[in-house]
Amino acid sequence: MKVFQLLLMLAFLLVGLIIGALNSQPILIDFAFSSIATTSGVAIIVSLLAGVLIGGALVLAVMVLPLYSKLRLANKQVAAARVAAPPVVEPRPIDGI
Numbered sequence: 798m799k800v801f802q803l804l805l806m807l808a809f810l811l812v813g814l815i816i817g818a819l820n821s822q823p824i825l826i827d828f829a830f831s832s833i834a835t836t837s838g839v840a841i842i843v844s845l846l847a848g849v850l851i852g853g854a855l856v857l858a859v860m861v862l863p864l865y866s867k868l869r870l871a872n873k874q875v876a877a878a879r880v881a882a883p884p885v886v887e888p889r890p891i892d893g894i
């Protein structure tokens, strides 16, 4: 499994290097208060990374956290049901059968 992860990481690194090499035109990103001079390849990679991070944060906020709270509530309900119900003890037969 670690070999697969290493190969996948190297593949993404190679794709990033190719994007950076093929898009070497200088660009100026102008914000309201400052500007950044960079190449278009770096701008593409940074914008893709920002999109992945923002998308992951949205999935975490919309899907994972509500499901985690539902799971925590269900676990509390199961624990409360175990405490509330007395254990059922079946009587043993007297003759040993």
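Residue 851 in the working numbering is what sits at position 54 of the sequence shown, and the numbering runs on without skipping anything.
The beta-carbon is built from N, C-alpha and C at its ideal position, and this holds for glycine as well.
Computed from a prediction, not measured in an experiment: that's the story for all the values here.
Residue i, enclosing alpha helix (DSSP H) - first and last residue
| i | result |
| --- | --- |
| Ala818 | Lys799 to Leu819 |
| Ile891 | Looking at the DSSP string, Ile891 is not in any alpha helix (DSSP H), and its letter there is neither H nor E. |
Between the CA atoms of residue j and residue i - distance to the nearest angstrom
| i | j | result |
| --- | --- | --- |
| Ser821 | Lys873 | 56 Å |
| Pro863 | Leu819 | 42 Å |
| Ala877 | Lys867 | 15 Å |
| Leu860 | Asp892 | The identity of residue 860 in the sequence shown is Met, whereas the question assumes Leu. In a straight line, the C-alpha of Met860 is about 58 Å away from that of Asp892. |
| Ile824 | Gly848 | 20 Å |
| Val875 | Leu857 | 25 Å |
Endpoints, beta strand (DSSP E) assigned at residue i
| i | result |
| --- | --- |
| Ala858 | Neither: Ala858 is in no beta strand (DSSP E) and is coded neither H nor E. |
| Pro823 | Pro823 to Asp827 |
| Ser831 | No beta strand (DSSP E) contains Ser831, which DSSP labels as neither H nor E. |
Exposure label - residue i; buried when at least 16 CB within 10 Å
| i | result |
| --- | --- |
| Gly838 | buried |
is_contact[residue i, chain D] using C-beta, thresh 8 Å
| i | result |
| --- | --- |
| Leu864 | Among the chains of the structure shown, chain D does not appear; only one protein chain is present. |
When the options are compared against residue i, the one with the closest alpha-carbon
| i | options | result |
| --- | --- | --- |
| Thr836 | Gly853, Leu814, Ile851 and Ala829 | Leu814 |
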